[in-house]
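>
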Amino acid sequence: MSQHLETGPETLGGDPTDYVQLLTPEGVRVEHPDYSLDPSPELLRCFYRDMTLTRRIDVEATALQRHGELGIWAQLLGQEAAQIGAARALAPQDFVFPTYREHGVAWVRGVDPLKLLGLFRGSDQGSWDPAEHNFGLYTIVIGAQTLHATGYAMGMQRDGVVGTGDPQRDTAVVAHFGDGASSQGDVNEAFVFAASYQAPVVFFCQNNQWAISEPIERQSRIPLYHRAEGFGFPGVRVDGNDVLATYAVMKQALQRAREGGGPTLIEAYTYRMGAHTTTDDPTRYRLDDDVQRWKLKDPIARVEVLLRRNGYADDEFFARVQQEADGLGAHLREGCRALPDPSPLAGFDRVYAEQTEELAAQRDEYAGYLASFEGAN
Amino acid sequence: MATTTKMTLAKALNAGLRRAMEDDPKVLLMGEDIGRLGGVFRITDGLQKDFGEDRVIDTPLAESGILGTAVGLALAGYRPVVEIQFDGFVYPAYDQIVSQVAKMHYRSGGRAAMPVVVRIPFGGGIGAVEHHSESPEAQFAHTPGLKVVACSNPVDAYWMIQQAIASPDPVIFLEPKRLYHSAKADIDPEATPPPLWSSQVVRRGSDLTLLCYGPMVSTCLRAAEAAAGEGRSIEVVDLRTLSPLDLGPVTDSVRRTGRAVVAHEAHVNLGMGAEVAARITQECFYSLEAPVLRVGGFDTPYPPARMEEHFLPDLDRVLEAVDRVMEY
Ligand SMILES: Cc1ncc(C[n+]2csc(CCOP(=O)(O)OP(=O)(O)O)c2C)c(N)n1
Numbered sequence: 000m001s002q003h004l005e006t007g008p009e010t011l012g013g014d015p016t017d018y019v020q021l022l023t024p025e026g027v028r029v030e031h032p033d034y035s036l037d038p039s040p041e042l043l044r045c046f047y048r049d050m051t052l053t054r055r056i057d058v059e060a061t062a063l064q065r066h067g068e069l070g071i072w073a074q075l076l077g078q079e080a081a082q083i084g085a086a087r088a089l090a091p092q093d094f095v096f097p098t099y100r101e102h103g104v105a106w107v108r109g110v111d112p113l114k115l116l117g118l119f120r121g122s123d124q125g126s127w128d129p130a131e132h133n134f135g136l137y138t139i140v141i142g143a144q145t146l147h148a149t150g151y152a153m154g155m156q157r158d159g160v161v162g163t164g165d166p167q168r169d170t171a172v173v174a175h176f177g178d179g180a181s182s183q184g185d186v187n188e189a190f191v192f193a194a195s196y197q198a199p200v201v202f203f204c205q206n207n208q209w210a211i212s213e214p215i216e217r218q219s220r221i222p223l224y225h226r227a228e229g230f231g232f233p234g235v236r237v238d239g240n241d242v243l244a245t246y247a248v249m250k251q252a253l254q255r256a257r258e259g260g261g262p263t264l265i266e267a268y269t270y271r272m273g274a275h276t277t278t279d280d281p282t283r284y285r286l287d288d289d290v291q292r293w294k295l296k297d298p299i300a301r302v303e304v305l306l307r308r309n310g311y312a313d314d315e316f317f318a319r320v321q322q323e324a325d326g327l328g329a330h331l332r333e334g335c336r337a338l339p340d341p342s343p344l345a346g347f348d349r350v351y352a353e354q355t356e357e358l359a360a361q362r363d364e365y366a367g368y369l370a371s372f373e374g375a376n
Numbered sequence: 000m001a002t003t004t005k006m007t008l009a010k011a012l013n014a015g016l017r018r019a020m021e022d023d024p025k026v027l028l029m030g031e032d033i034g035r036l037g038g039v040f041r042i043t044d045g046l047q048k049d050f051g052e053d054r055v056i057d058t059p060l061a062e063s064g065i066l067g068t069a070v071g072l073a074l075a076g077y078r079p080v081v082e083i084q085f086d087g088f089v090y091p092a093y094d095q096i097v098s099q100v101a102k103m104h105y106r107s108g109g110r111a112a113m114p115v116v117v118r119i120p121f122g123g124g125i126g127a128v129e130h131h132s133e134s135p136e137a138q139f140a141h142t143p144g145l146k147v148v149a150c151s152n153p154v155d156a157y158w159m160i161q162q163a164i165a166s167p168d169p170v171i172f173l174e175p176k177r178l179y180h181s182a183k184a185d186i187d188p189e190a191t192p193p194p195l196w197s198s199q200v201v202r203r204g205s206d207l208t209l210l211c212y213g214p215m216v217s218t219c220l221r222a223a224e225a226a227a228g229e230g231r232s233i234e235v236v237d238l239r240t241l242s243p244l245d246l247g248p249v250t251d252s253v254r255r256t257g258r259a260v261v262a263h264e265a266h267v268n269l270g271m272g273a274e275v276a277a278r279i280t281q282e283c284f285y286s287l288e289a290p291v292l293r294v295g296g297f298d299t300p301y302p303p304a305r306m307e308e309h310f311l312p313d314l315d316r317v318l319e320a321v322d323r324v325m326e327y
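Residue numbers (numbering that gives the first Met the number 0), protein chains in the order written: chain G, 0 to 376; chain U, 0 to 327.
1) Near ligand 1, which residues have their beta-carbon less than 7 Å from any of its heavy atoms, given in chain order?
2) Taking its Cβ as the centre, do 16 or more other Cβ atoms sit within 10 Å of arginine 177 of chain U, making it buried, or is it exposed?
3) Kindly say whether phenylalanine 88 of chain U, judged by its beta-carbon, lies nearer than 8 Å to any beta-carbon of chain G.
4) Please report how far the alpha carbon of valine 236 of chain U lies from the alpha carbon of methionine 6 of chain U, in whole angstroms.
5) Counting only beta-carbon atoms, is arginine 271 of chain G nearer than 8 Å to chain U?
6) From the DSSP output, in three-state form, read off isoleucine 119 of chain U for me.
7) Does any residue of chain G bring its CB to less than 8 Å from the CB of glutamate 129 of chain U?
8) Establish whether the CB of phenylalanine 297 of chain U and some CB of chain G are separated by less than 8 Å.
9) Can you check the segment 13–60 of chain U for any alpha helix (DSSP H) of at least 4 residues that lies completely inside it and give the ranges in chain order?
10) Comparing alpha-carbon positions, which option in U:Arg35, U:Asn152, U:Val116 lies nearest alanine 9 of chain U?
11) Could you pull the DSSP bridge partners for leucine 241 of chain U from this structure?
12) With DSSP collapsed to three states, give me the class of alanine 265 of chain U.
13) So, does the segment 140–160 of chain G touch the segment 170–188 of chain G, judging by three or more C-beta pairs under 8 Å?
14) Tell me which residue opens and which closes the alpha helix (DSSP H) that lysine 5 of chain U is part of.
15) Is arginine 293 of chain U close to chain G? Criterion is C-beta to C-beta, closer than 8 Å.
16) What did DSSP end up calling glutamine 95 of chain U once you bin it into helix, strand or coil?
17) Listing by chain order, which chain G residues have their CB less than 7 Å from the CB of leucine 314 of chain U?
18) What do you get for proline 214 of chain U, buried or exposed, if any count of 16 or more other CB atoms within 10 angstroms of its CB means buried?
19) Under the rule that 16 or more other beta-carbon atoms within 10 Å means buried, what is valine 27 of chain G, buried or exposed?
20) Can you find a CB in chain U that lies within less than 8 Å of the CB of glycine 7 of chain G?
21) Phenylalanine 119 of chain G touches chain U at which residues, Cβ-Cβ below 7 Å?
22) Count the other CB atoms within 10 Å of the CB of alanine 366 of chain G; is the residue buried (16 or more) or exposed (fewer)?
23) Quick check on tyrosine 368 of chain G: buried or exposed, where buried means 16 or more other Cβ atoms within 10 Å of its Cβ?
24) How many Å lie between leucine 66 of chain U and aspartate 325 of chain G at the Cα?
25) Exposed or buried, phenylalanine 372 of chain G, counting other C-beta atoms within 10 Å across all chains shown (16 or more means buried)?
26) In chain order, what residues of the same chain lie with their CB nearer than 6 Å to the CB of tyrosine 99 of chain G, ignoring the 5 residues before and after it?
27) Tell me where the alpha helix (DSSP H) around alanine 267 of chain G begins and ends.
28) Measuring CB to CB, does arginine 239 of chain U end up less than 8 Å from alanine 149 of chain U?
29) May I ask whether a heavy atom of ligand 3 can be found less than 7 Å away from the beta carbon of leucine 66 of chain U?
30) Whose Cβ in chain B lies nearer than 7 Å to the Cβ of proline 59 of chain U?
31) DSSP state of valine 147 of chain U, grouped into three classes?
32) Does the contact criterion of 3 or more C-beta pairs under 8 Å hold for the segment 57–65 of chain U versus the segment 231–247 of chain G?
33) For a test of the three-state rule: what should DSSP assign to glutamate 25 of chain G, helix, strand or coil?
34) Tell me, please, whether the CB atom of histidine 266 of chain U is closer than 8 Å to any CB atom in chain G?
35) Determine the closest residue to lysine 146 of chain U out of U:Gly122, U:Gly124, U:Gln161, U:Val117, with distance taken between C-alpha atoms.
36) Considering only their Cβ atoms, is the gap separating leucine 314 of chain U from arginine 221 of chain U smaller than 8 Å?
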C-alpha cells in the first residue's frame, strides 16, 4: 500500500517556523543572526505601496475576468510580500525569469500591468520586451524557465559580468517557480547545471502550499529548501509573507551569485489565498480553516502596523496610496477593454525570423479568403 | 437492469472509466489533480472516492515521471490510464511515450506488452491561454508502436475509452475538450459498440466525402447540413481511429462520390490530412474527380485566444474547400 496523505499542508514540510523572519504577522520587528536589515522608512513605504498596488492589480484583473474581459487570471493574493521582497532586492542589471503568476515582480520591473492582462485576455502571448525590463515572458509550461534562467546565467559568466567586484556590472539571474514545479525534471536539471557551473542564478520558489489541488506533501516529503544541499548549493527558507525577510534573504543570495559564489535556492513559505486561477474551485479540495489561519499572516497588514506604530507614515500617505490604487484600477479597467485584438494576418509574419515563401503564401491565401467576405457584404 | 442514460461527453468518459475499473482491478488512473478535484475537466470526478487512492493516483507535477512510472506499472501487470492535463503539457512526457511506451513491445521481442492509455484533452475553441489548445495527433500517429484514436461524441467516448483500456497496445486517446460539456446523448450500456479500430459514416451523401475526427466532426456535420440547403449531398466520415487508419469506409465512400475533403484543427503541413489524402489518391485514383483538399489550422503556433476563430477551421472554411473541390 502506498503511503497516503492524511495530513494537511505544513505537517510534513518540517517545522514551518524554521524560517527567516524579520517582521511578525503582528508587525513586530525581530532579529535574525544571519540576516540583519535596517530598512529606511522610505523603503518600508515603498514595500507597502508596491504590495498594495500589486494586490489592486490582482483584484481588478479578477473582476475583469468575472466580467468576461479576460479568459482567465492567475491570482497572486497572499503572495505579495514574496514577490515584492524578491523584486526590490534586484539590481537593475539582474534578469528575471517568471512563471505566470509574478505580477508583483512585473510591477517592480516596470512592466505596465495592462500588458499582463493582454496575455490573459488572449490578445497576445506577452507584449512586453524582456530586454527592456530584464523580465522574461511569462512561462506556462511548468518549470521550463528554470533552465532558461540557468542558461542565461551561464551567458553572464561568459560575458564576464560575474565576480568583477563592480556592483554596476555584476549580474545575477532569478528563476521563479512554484512548489509543484519542484517535481519537474526541468527544475531538477536546472539545479544540476547551475551547481555544476556555479552559475549566478537564484532559484526562488514560492511554496504557496498548493499545486492546483495537490498539497505540497504530494511533491516533497522534506522541506523544499533542504533539496538544495543534495545538489550542492545552499538552501534557505524564508517567511514569504514577510517582505523584509524576503528582501534580506534575496539580497544576500543575489549578492552571492553576482560575486561568483554560485546558486542559492530560496523557499518563500507562503500561501495561495485565492483559487489556482479564476477557473478553479478550491472548495473541492481544501478547508477554509487553513485559509482563515493564513489570513492572520497577511503580508500587507503587518507592514502597515509597523509604519503606523513607528510614525513612518501618516494617514495622508495611506490615503495617497489608496488614491493611486484607484487610479491604477481605472487604468486597467479602461485599458483592458481597449486592448486591440490581434490581427489575423500578423501572426503569419512572426513565426520565423526569416519568413518562408510557403508561409507567406498561406498568409496571402488567407488574406484573399477574408477579402472574399468583405466583397460579399 | 441497466438503462439508457443521457450524458455529456465528459460524463460518458467518467462512466466508461468507472466501468473499465469495475471490470478489471488492474486498471489504474494516474495524473495531476485527478483525485479529489476530479481533474480540471472533472472527467475523473468521484472515482478516487469510490476506488481509493491506490487506483486513482494524484501524481507529482511531472509528466515524464507519470509516463515513466506508467511504463513500470505496466511491466508489473497493471493497466495505467494516464490523464495529461492539457495537450500542450504532453511534451515533457514525449520521450517516455515515443522512446519507451511505443517501443517496449518491439524491443522485448514481443514479450512485454504496454497496455497504457494516454488521455489527452485536445483542440481549441475554449478561449484558453497558450499551450492549452493544441492538436498533437500527427506527432503520435507518426510513431510506430502507438495507436491513436479520437472520440467525437458521448456514445463513442463511453465505448472507445473502455476499448482503449482493454487494448494490449498503448493508445493515445484524444478527447475534444470543447465538446466535453456540450450536447448530451443517450448511452445504452447494453449496446454493442463498433470496433475501436473502425471509422464510421455519420452522414450519408453522394456528392463529396468529408473526412474528420474529434472536435471537427460536429463542425463538418453542420457544414453538410448547410450544403444540403444548397442542394449538395455530402457524406461525412468520422475517422475515429487515426493510427491505424480504417480506410475501408473512406475508400468505399470516395469511390461513390469521387471527391474528398479532410478537415482537422491541427496544422495542415504533415498533418493527418496529408496521410489520408495520399492514401485516397493511391486507392481511388481512377474514381477521383478532383484533388483531395485539406482544411486545417495554419502552419503557425496556436494563436492567442482572440484570434483562434481565424485559426480554427469553421463551417465557412470547410464549405469553401467543398466549393473548390466541387468546382474543380
Ligand atoms: C508541464 C505542465 N504541466 C501541467 C500544467 C498545468 N498546471 C498549470 S499550473 C499547475 C500547478 C502549478 O503549481 P506550482 O508549481 O506550485 O505553482 P502555483 O500555480 O501554485 O503558483 C499545473 C499542474 C502546466 N502548466 N505545465
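Yeah, the Cβ is synthetic: ideal placement off N, Cα and C, and Gly gets one too.
Result, derived from the coordinates:
1) Working through the chain, the matches are G:Ala73, G:Thr98, G:Arg100, G:Ile139, G:Val140, G:Ile141, G:Gly142, G:Phe176, G:Gly177, G:Asp178, G:Gly179, G:Ala180, G:Gln183, G:Gln205, G:Asn207, G:Trp209, G:Ala210, G:Ile211, G:Arg271, G:His275, U:Glu31, U:Asp32, U:Leu60, U:Glu62, U:Gln84, U:Phe85, U:Phe88, U:Pro91, U:His130.
2) buried
3) yes
4) Approximately 23 Å between the Cα atoms of the pair.
5) no
6) strand
7) yes
8) Interface residue, yes.
9) Runs of the alpha helix (DSSP H) inside the segment 13–60 of chain U: 46–50.
10) U:Asn152
11) U:Leu244
12) strand
13) yes
14) Premise fails: lysine 5 of chain U lies in the beta strand (DSSP E), 4–6, not in any alpha helix (DSSP H).
15) Chain G has no Cβ within less than 8 Å of the Cβ of arginine 293 of chain U.
16) helix
17) By Cβ distance, chain G contributes nothing, its closest Cβ being about 13 Å from leucine 314 of chain U, past 7 Å.
18) buried
19) exposed
20) The predicted model places glycine 7 of chain G with a pLDDT of 42, which falls under 50 and marks its position as unreliable, so this point remains unresolved.
21) Val128
22) So alanine 366 of chain G ends up on the exposed side.
23) exposed
24) When rounded, the distance between both Cα atoms is 48 Å.
25) exposed
26) Ala73, Tyr137, Ile139
27) Per DSSP, alanine 267 of chain G belongs to no alpha helix (DSSP H); it is in the beta strand (DSSP E), 263–268.
28) yes
29) Ligands in the displayed structure: ligand 1; ligand 3 is not one of them.
30) Absent from the structure: chain B. Protein chains present are G and U.
31) Assigned with DSSP and collapsed to three states, valine 147 of chain U falls in strand.
32) no
33) coil
34) Not closer than 8 Å to any Cβ of chain G, the Cβ of histidine 266 of chain U fails to qualify, so no.
35) Answer by Cα proximity: U:Val117.
36) yes
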